[in-house]
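Presented below is the structure to which this report refers.
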């Protein structure tokens, strides 16, 4: 698959593709980066990080690698739509990079290797990653290193309850129902019930999980709700009802954290 066809297929911003076409890199250089990617991942990161236009260079390399992955999808009989849906994440993170730094490229390159390595797939609304549990979860009889499926929630669409359940059922067909399905996200934080309507999609989504623990050191929820993190809570905007409610909750001493949850399989 050509780079142009890939970028068109994932919906990459046209201006971003124009920047990619300007990048000065030989096939020999790309082959070296590709070799490093597969043989010494940390060195791959450090070498590219040392380049002046490293974000754009990461975008270029990841798009090339992802385009080459198409044949692997075909060999494994993975539906083509899953391929496009999975790698559309590159387009999402490219726009996030532009919004944050004013340049097209990738800042979350330490996240996107999962897609390239074919350990993460988007099945409908949700993403599912084949992984090992980083810790023991005694109450769920999960040992450190046990095989698990990590659930991720890509941005860009409403978190429809029905769409989420449909994704989970699809994942059960692909990965099986015996393996634990885990999700760590600010969207699972129980404190959100204090700022959301009881019929909200987020709270309905939470109902699919048993919450194991919540890390209140994380401020990802604030970043997602307000766009960035401020030391002075009074400076947060109040442009939406969620922002107004969340700001009021924080000012009253409340907190939002990242919660680890495990899917309640008896609901399916």
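Numbering (the UniProt record's numbering), first residue to last: 1 to 268. C-beta: ideal position from N, C-alpha, C; glycine also. Here the structure is a predicted model, which means the values were calculated and not measured.
Bridge partners - residue i, DSSP secondary structure assignment
i: residue 183; result: 261
i: residue 131; result: 148
i: residue 209; result: 263
i: residue 215; result: 258
Reference residue i; option with closest CA among the options
i: residue 157; options: 74, 142, 88; result: 88
i: residue 141; options: 102, 77, 258, 181; result: 181
i: residue 189; options: 177, 173, 208; result: 208
i: residue 130; options: 146, 124, 136; result: 146
i: residue 75; options: 113, 151, 98, 118; result: 118
i: residue 197; options: 123, 267, 241, 135; result: 241
i: residue 10; options: 63, 55, 43, 49; result: 63
i: residue 254; options: 233, 61, 97, 115; result: 233
i: residue 177; options: 8, 268, 48, 79; result: 268
i: residue 38; options: 168, 136, 116, 223; result: 116
i: residue 204; options: 223, 168, 164; result: 164
Any non-hydrogen atom of the ligand MN within 8 Å of residue i CB
i: residue 238; result: As presented, the structure is devoid of all ligands, the ligand MN included, so that no description of it is given.
Residue i versus residue j - alpha carbon distance
i: residue 219; j: residue 231; result: 11 Å
i: residue 139; j: residue 133; result: 14 Å
i: residue 217; j: residue 258; result: 8 Å
i: residue 215; j: residue 2; result: 43 Å
i: residue 112; j: residue 4; result: 20 Å
i: residue 100; j: residue 91; result: 14 Å
i: residue 24; j: residue 108; result: 22 Å
i: residue 162; j: residue 28; result: 48 Å
i: residue 246; j: residue 194; result: 8 Å
i: residue 262; j: residue 151; result: 9 Å
i: residue 225; j: residue 235; result: 13 Å
i: residue 45; j: residue 81; result: 29 Å
i: residue 36; j: residue 239; result: 45 Å
i: residue 48; j: residue 78; result: 31 Å
i: residue 55; j: residue 266; result: 44 Å
Beta-carbon proximity of residue i to residue j, cut-off 9 Å
i: residue 32; j: residue 106; result: no
i: residue 210; j: residue 264; result: yes
i: residue 185; j: residue 149; result: no
i: residue 171; j: residue 128; result: yes
i: residue 201; j: residue 159; result: yes
*4-residue-minimum alpha helix (DSSP H) runs that sit fully inside the stretch 76 to 148, ordered along the chain*: 80 to 101, 109 to 116
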